[in-house]
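Participant: Input: one structure, supplied below.
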Amino acid sequence: AAAAGEVPVGAVAVADGRILARAWNQVEQLKDATAHAEVLVIGAVSSVIQDWRLDQVDIYVTKEPCAMCAGAMVNARVRRVIYGMADPRSGCAGSALNVTGFQGMLHQVEVLGGVLAPDCTALMREFFQSVREKKDLPGQR
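Using the working numbering, the first residue of the sequence shown is number 55, and each one after it goes up by one.
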């Protein structure tokens, strides 16, 4: 994702220990604000298993899901989301909001956060530092 100029978020969908689908952010490439890694991997794995109900699927993702992605996981009945870096400003798996565990919903997604957090945080920090450095170059604004 980062090599393509995208925020470096990747997601994999796993069931029974097997990777069924992979995706990465493609917002810039597709010019689509909904093309987050989590939404794309939900669509991909649904096609693979031929079902929209992902109750046996775990999604691993670089960063805590936003409201849209967390809502998509709830709607798709994802069993569990495992993320690396928490996002206190817009994370909706318990940091800023708790969409995944909201008791008023028909489904709650189990959440495990902080997996490889230092690595994921470093990846994001390096990406945004490189973006800032490019903006500081003459003629790059």
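By construction, the Cβ of each residue, glycine as well, lies at the ideal position given by its N, Cα and C atoms.
(1) Taking the beta carbon of glutamate 164 as the centre, do at least 16 other beta carbons fall within 10 Å, making it buried, or is it exposed?
(2) So tryptophan 106 and alanine 121 are in contact, right, with Cβ under 8 Å, and what is the actual spacing, rounded?
(3) By DSSP, does valine 165 sit in helix, in strand, or in coil?
(4) In this structure, how does DSSP classify alanine 176 when only helix, strand and coil are distinguished?
(5) Are the stretch 134 to 143 and the stretch 169 to 179 touching by the rule of at least three beta carbon pairs closer than 8 Å?
(6) Would you say the stretch 84 to 101 touches the stretch 62 to 72, given that touching needs at least three Cβ pairs under 8 Å?
Facilitator: For this structure:
(1) exposed
(2) So it is not a contact: roughly 20 Å between Cβ atoms.
(3) strand
(4) helix
(5) yes
(6) yes
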